[in-house]
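Participant: Questions regarding the structure given below will be posed in turn.
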DNA sequence: TATGAATGAGTGTTCATTCAT
DNA sequence: TATGAATGAACACTCATTCAT
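Chains as they are written, first to last, in our numbering: chain A, 581 to 815; chain B, 581 to 815; chain C, 581 to 815; chain D, 581 to 815.
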């Protein structure tokens with residue numbers, strides 16, 4: 581009597597019946613399936629960037645992926661499931677960056693910090709929509725919330741390492757790293773949303789200067805002074 | 581950002597009908613009308629903060645304002661009109677801040693910069709939802725776009741004044757002020773979204789240190805000893 | 581971030597927000613609201629009779645009620661909620677009949693049994709679709725199942741009282757009352773689905789004969805003994 | 581009952597395309613083909629019993645038959661075609677029973693009537709879903725309607741033979757046989773849907789008692805009491 | 001012949017907006 | 001002026017059916 585609903589089937593016969601038409605991992609294990617999943621994920625990223633998550637219609641995504649509407653539901657339960665999948669990818673990329681950041685903090689120099697910043701900006705170019713959903717999210721589900729928290733805390737902790745020893749007196753290192761994360765995110769966002777205004781190298785260069793100013797100000801800010809004299813006594 | 585809206589009617593009977601039911605300025609000129617508009621605007625701000633602009637339903641707003649659903653349309657053409665009205669208010673507040681910022685740049689001291697930062701944070705506490713809509717907006721209408729551009733450019737220009745003369749060589753001052761705006765906005769956002777974590781004074785103090793580091797590094801957190809030497813030996 | 585879903589809101593703010601647009605009892609307390617609910621219930625009964633529950637589209641119901649599609653959801657959460665409401669009404673009618681049946685069993689005569697049968701047939705004329713949904717239901721929800729069970733058991737028990745003492749030796753009274761319920765239901769169904777073939781009086785007369793045959797066969801089978809005086813002086 | 585189906589294509593290219601992919605009788609003439617058809621029919625019966633015709637998805641049927649989704653359409657044009665096929669089988673079985681019933685009516689005894697009832701119950705165990713679709717059908721197609729009518733009329737006529745001569749005076753024999761058919765169908769249904777409650781023998785025994793009560797009341801309800809003498813002294 | 005991925009029409013549900021009271 | 005019932009367009013999701021492999 582009951583109509584088919586969205587509920588996850590839980591009855592005894594659920595397993596068997598679920599096979600045929602549900603988005604299943606098995607579908608993704610074929611090469612064609614993996615390719616389609618990729619296409620939809622990329623289309624989702626594109627559309628989320630263009631219209632935002634809420635305004636994105638499944639139709640926009642399938643149009644961008646050049647497949648029919650129904651195909652979407654062969655691979656994802658719904659729009660949220662696609663977002664979760666993208667978020668997982670994004671979290672993995674950022675986790676890698678966070679590890680690299682923690683390694684940075686011990687041996688710091690312009691080249692490695694710039695490289696890290698460049699890597700961050702590039703990940704952001706791709707996964708920015710996810711990051712912005714994380715940061716702006718209104719009543720996020722538990723999964724999104726926890727991914728966002730993990731990434732945010734990871735970045736905060738990593739940057740705090742960089743920042744903490746040279747901070748101006750009286751400055752809370754937590755707030756300082758918050759400021760650093762915010763700056764990093766917004767600048768990266770601006771780069772992706774106004775690609776015609778600045779280029780990656782200029783952005784990375786300034787981010788480097790600003791972080792250097794936060795992290796080894798004696799050397800850093802000064803760093804760039806042309807004609808500046810000898811190397812810093814410090815260290 | 582745009583929602584589907586009903587186009588302005590243009591048929592022959594449009595003129596006549598418009599008289600009775602359109603939100604009119606005249607309605608606002610009565611004291612009661614003005615009070616109602618205020619209540620709806622405040623409710624809108626509250627709901628946009630809680631759920632975001634797109635997810636906010638007109639019903640949420642009228643519920644928060646404790647008026648009936650239909651009343652909304654007596655005072656606003658639609659949700660977008662309310663947003664525009666809030667955006668205008670927000671733009672006015674920020675324009676004031678931008679003027680104050682330009683005055684700051686000539687006579688700079690800790691007290692006045694801190695006061696300006698505190699003022700900014702407070703405006704953000706109230707109008708943050710509008711600012712975020714501006715910054716994140718996907719296909720914004722022309723009005724929203726131009727307000728966002730004006731404010732953004734005003735802030736950029738003001739901060740560039742502060743920043744430009746003391747910037748490390750090689751750093752693009754435009755990018756630097758972009759970074760400053762981003763930091764300012766995100767830190768303010770974090771303050772409003774996590775009021776339990778940091779308090780206003782700590783935030784203002786750090787923002788001051790960071791801006792000071794950018795603006796008068798010699799004095800600044802000590803930040804950048806002028807004439808300090810070259811870059812650290814790499815690796 | 582989350583899309584609006586069908587889930588019942590459970591958060592703290594749920595109460596307030598729910599007022600405006602959810603189908604609520606409050607809406608039904610106005611005379612107009614009650615009238616609309618009635619109209620939709622009647623339309624539902626009509627459409628369920630015509631097309632069955634599963635095939636019935638909400639659009640069919642609103643068309644039958646001559647209201648717009650959206651109106652339905654002002655008064656009912658969904659099609660299932662309307663069914664539940666009808667089922668509750670039907671259960672109340674049948675409960676009344678079941679009580680009357682239990683009273684019958686002590687003082688039995690042609691007039692009262694015929695009257696009861698006529699009442700049953702009339703309730704069935706109206707609520708037959710619900711009864712058939714109960715009896716045919718495939719994976720019914722818990723509420724429907726329990727209503728169906730209650731009614732079925734009530735009828736079985738009531739009829740068993742009537743039947744038990746005079747039953748042919750060796751006949752399981754439970755099966756006999758099952759047979760009686762089945763006969764009653766199917767004959768009533770046939771009457772409503774082929775109103776042109778038999779009329780109510782003929783149906784009631786035969787049902788009376790058959791039940792009489794089951795209940796007081798000495799008289800019963802004999803009931804028909806010609807010359808047995810015809811029907812009791814009515815009323 | 582009808583589902584939306586794609587109409588037979590009638591365009592110019594229709595003829596050509598039809599060759600390759602239509603379910604063809606030729607396919608069934610191979611032993612493997614016949615076996616596949618059988619498997620799908622049995623799966624259909626199973627799924628119709630479990631979920632009802634409308635709620636049954638082609639996927640459910642292919643899952644139950646453990647074949648791929650596409651295979652279904654190699655053997656049946658659509659779900660309705662499978663139902664028609666089952667209905668034809670069911671009609672054949674019931675026609676046999678109807679013939680047997682007409683033979684019964686001349687030489688009636690407990691053993692042969694009980695055997696006939698047992699046969700009916702067993703056919704119902706298998707083809708019950710079809711019978712219920714016939715009886716409940718909402719806007720059935722012409723084929724289903726005519727099969728249902730034939731079977732129903734056959735049963736009615738056969739039972740009327742059994743019933744007519746001994747019926748209580750004043751009872752319309754048509755209604756009486758309607759009641760008999762209804763009782764038979766519902767009791768059989770209950771047996772198949774609640775196999776744990778009653779067993780076949782109990783059901784058949786009671787059906788026999790009830791039919792006997794209808795058919796040779798002289799023997800009567802009382803009927804069945806072996807050795808019971810003449811007809812009860814009335815009143 | 002068998003498979004299962006792709007398609008798209010059909011239906012449920014939400015909510016901005018209108019309008020009679 | 002205020003209300004809230006009614007409307008219908010927009011969008012999510014399902015599944016019968018097709019067809020390339």
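A virtual CB, placed ideally from N, CA and C, is assigned to each residue, including glycine.
Going by DSSP, what residue range makes up the alpha helix (DSSP H) through residue 673/D?
Facilitator: As a working mapping, residue 673/D is identified with position 93 in the fourth chain. It spans 659-684 - the alpha helix (DSSP H) in which residue 673/D sits, taken as one unbroken run.
Participant: Starting from the beta carbon of residue 698/B, find every residue of chain A whose beta carbon is closer than 7 angstroms, and list them in chain order.
Facilitator: Position 118 of the second chain, counting from 1, holds the residue named residue 698/B. Per Cβ cutoff of 7 angstroms: no residues; residue 698/B is ~14 angstroms from chain A at best.
Participant: Any beta carbon from chain D within less than 8 angstroms of residue 743/C's own beta carbon?
Facilitator: What you label residue 743/C is simply residue 163 of the third chain in a count that begins at 1. Chain D, which has no Cβ nearer than 8 angstroms to the Cβ of residue 743/C, makes this no.
Participant: Give a yes or no on whether the minimum CB-CB distance between residue 790/A and chain B is below 8 angstroms.
Facilitator: Here residue 790/A is taken as the residue at index 210 of the first chain, counted from 1. Yes, residue 790/A lies at the interface with chain B (some Cβ there is under 8 angstroms from its Cβ).
Participant: Please tell me whether residue 770/A has its Cβ less than 8 angstroms away from any Cβ of chain B.
Facilitator: Residue mapping note: residue 770/A aligns to position 190 of the first chain, counting from 1. Judged by the 8 angstroms Cβ criterion, residue 770/A is in contact with chain B.
Participant: Does the beta carbon of residue 762/D sit closer than 8 angstroms to a beta carbon anywhere in chain C?
Facilitator: In the fourth chain, counting from the first residue as 1, residue 762/D sits at position 182. For residue 762/D, the closest Cβ of chain C is nearer than 8 angstroms.
Participant: Determine the contact status of residue 693/D and residue 684/D, defining contact as a CB-CB distance below 8 angstroms.
Facilitator: Mapped onto the fourth chain, residue 693/D falls at position 113. Mapped onto the fourth chain, residue 684/D falls at position 104. Yes. Within cutoff.
Participant: Between the region 640-655 of chain D and chain C, which residues of the former have CB atoms less than 9 angstroms from a CB of the latter, in chain order?
Facilitator: none
Participant: Identify, in the order they occur along the chain, each residue of the same chain with its Cβ nearer than 6 angstroms to the Cβ of residue 705/D, setting aside the five sequence neighbours on each side.
Facilitator: Here residue 705/D refers to the residue found at position 125 when the fourth chain is read from its first residue. For residue 705/D, where only same-chain residues beyond five positions count, the Cβ hits under 6 angstroms are 772.
Participant: CB residue 766/D to CB residue 765/C, shorter than 8 angstroms?
Facilitator: As a first step, residue 766/D is located in the fourth chain; it is residue number 186 there, counting from the start. As a first step, residue 765/C is located in the third chain; it is residue number 185 there, counting from the start. It is a contact, given that the beta carbons lie within the stated cut-off.
Participant: Please confirm whether residue 708/C has its beta-carbon closer than 8 angstroms to some beta-carbon of chain D.
Facilitator: As a working note, residue 708/C is residue 128 in the third chain. It does not: the Cβ of residue 708/C has no partner Cβ on chain D nearer than 8 angstroms.
Participant: Since residue 632/D meets chain C, which of its residues come closer than 8 angstroms, beta carbon to beta carbon?
Facilitator: Numbered from its first residue, the fourth chain carries residue 632/D at position 52. Those are 634, 716, 718, listed as they occur along chain C.
Participant: In chain D, what lies closer than 8 angstroms to residue 756/C by C-beta?
Facilitator: The residue given as residue 756/C occupies position 176 in the third chain. Those are 786, 789, 790, listed as they occur along chain D.
Participant: Go ahead and pull the three-state DSSP assignment for residue 632/D.
Facilitator: Indexing the fourth chain from 1 puts residue 632/D at position 52. The answer is coil: DSSP assigns residue 632/D none of H, G, I, E or B.
Participant: Among the residues of its own chain, which have a CB less than 6 angstroms from the CB of residue 674/A, if the five just before and after it don't count?
Facilitator: The residue you call residue 674/A lines up with position 94 of the first chain. If we look at residue 674/A and ignore the five residues flanking it on each side, its Cβ neighbours are 731.
Participant: Can you confirm whether residue 662/D, when its beta carbon is compared against all beta carbons of chain C, has any partner nearer than 8 angstroms?
Facilitator: Working through the fourth chain from its first residue, we reach residue 662/D at position 82. For residue 662/D, no CB of chain C lies under 8 angstroms from its own CB, so it is not counted at the interface with that chain.
Participant: In this structure, does DSSP put residue 576/C in helix, strand or coil?
Facilitator: For residue 576/C there is no data in the structure shown, the boundaries of chain C being 581 and 815.
Participant: Mind pulling the chain A residues with CB within less than 8 angstroms of residue 712/B?
Facilitator: Taking the second chain and counting its residues from 1, one reaches residue 712/B at position 132. Chain A residues near residue 712/B: 716.
Participant: Distance cutoff 8 angstroms, beta carbons only. Does residue 783/A sit that close to anything in chain B?
Facilitator: Here residue 783/A refers to the residue found at position 203 of the first chain. So yes, residue 783/A belongs to the interface.
Participant: Determine the contact status of residue 788/C and residue 660/C, defining contact as a CB-CB distance below 8 angstroms.
Facilitator: Stepping through the third chain from its first residue, residue 788/C is reached at position 208. Stepping through the third chain from its first residue, residue 660/C is reached at position 80. In this structure, residue 660/C does not lie closer than 8 angstroms to residue 788/C by Cβ.
Participant: Let's test the definition: count the other Cβ atoms within 10 Å of the Cβ of residue 726/C and tell me whether it reaches 16, buried, or not, exposed.
Facilitator: Numbered from its first residue, the third chain carries residue 726/C at position 146. Its Cβ having fewer than 16 others within 10 Å, residue 726/C is exposed.
Participant: What does a CB cutoff of less than 6 angstroms around residue 636/C pick up in its chain, not counting 5 residues either side in sequence?
Facilitator: The residue you call residue 636/C lines up with position 56 of the third chain. So the qualifying residues of the chain are 627, 628.
Participant: Using a C-beta to C-beta distance shorter than 9 angstroms, which residues of chain A count as neighbours of residue 701/B?
Facilitator: Position 121 of the second chain, counted from the start, is the residue given in the question as residue 701/B. Chain A residues near residue 701/B: none, gap ~12 angstroms exceeds 9 angstroms.
Participant: Going by the beta-carbon positions, is the gap between residue 768/C and residue 715/C smaller than 8 angstroms?
Facilitator: Here residue 768/C corresponds to residue number 188 of the third chain, with the count starting at 1. Here residue 715/C corresponds to residue number 135 of the third chain, with the count starting at 1. Cβ distance not < 8 angstroms, so residue 768/C and residue 715/C don't count as in contact.
Participant: Give a yes or no on whether 8 angstroms exceeds the smallest Cβ distance from residue 863/D to chain C.
Facilitator: Past the edges of chain D, shown from 581 to 815, lies residue 863/D, and the structure says nothing about it.
Participant: Below 6 angstroms CB to CB, which residues in the same chain sit around residue 643/A once its five sequence neighbours on both sides are set aside?
Facilitator: Within the first chain, residue 643/A is the residue found at index 63, counting from 1. Closer than 6 angstroms at Cβ, skipping near neighbours: no residue.
Participant: Kindly indicate if chain D contains any beta-carbon less than 8 angstroms away from that of residue 767/C.
Facilitator: Translated into positions along the third chain, residue 767/C becomes position 187. Cβ-Cβ to chain D under 8 angstroms: yes for residue 767/C.
Participant: Would you mind stating whether residue 655/C and residue 617/C have Cβ atoms separated by less than 8 angstroms?
Facilitator: Looking up residue 655/C in the third chain gives position 75. Looking up residue 617/C in the third chain gives position 37. Their beta carbons are under 8 angstroms apart, which means residue 655/C touches residue 617/C by this criterion.
Participant: Do residue 603/C and residue 657/C come within 8 angstroms of each other at the CB atom, strictly closer than that value?
Facilitator: As a first step, residue 657/C is located in the third chain; it is residue number 77 there, counting from the start. As a first step, residue 603/C is located in the third chain; it is residue number 23 there, counting from the start. The answer is yes: Cβ separation under 8 angstroms.
Participant: According to DSSP, is residue 638/D part of a helix, a strand, or is it coil?
Facilitator: For the purposes of this step, residue 638/D is taken as the residue at position 58 of the fourth chain. Note: residue 638/D maps to helix in three-state DSSP.
Participant: Can you tell which of 669/B, 630/B, 620/B has the C-alpha that lies nearest to the C-alpha of residue 647/B?
Facilitator: By one-based count along the second chain, residue 647/B stands at place 67. If we check each option's Cα against that of residue 647/B, 620/B comes out closest.
Participant: Using three-state DSSP, classify residue 721/C as helix, strand or coil.
Facilitator: Residue numbering aside, residue 721/C sits at position 141 when the third chain is read from its first letter. If DSSP states are grouped into helix, strand and coil, residue 721/C belongs with coil.
Participant: Out of 786/A, 608/A, 738/A, 669/A, state which residue places its alpha-carbon closest to the alpha-carbon of residue 758/B.
Facilitator: What you label residue 758/B is simply residue 178 of the second chain in a count that begins at 1. Measuring from the Cα of residue 758/B, the nearest candidate turns out to be 786/A.
Participant: In terms of residues, what are the limits of the alpha helix (DSSP H) holding residue 761/D?
Facilitator: Within the fourth chain, the letter at position 181 stands for residue 761/D. It spans 753-773 - the alpha helix (DSSP H) in which residue 761/D sits, taken as one unbroken run.
Participant: Which same chain residues, not among the five before or five after residue 607/C, have their C-beta less than 6 angstroms away from its C-beta?
Facilitator: Locating residue 607/C in the third chain gives position 27, counting from the first residue. Contacts found: 613.
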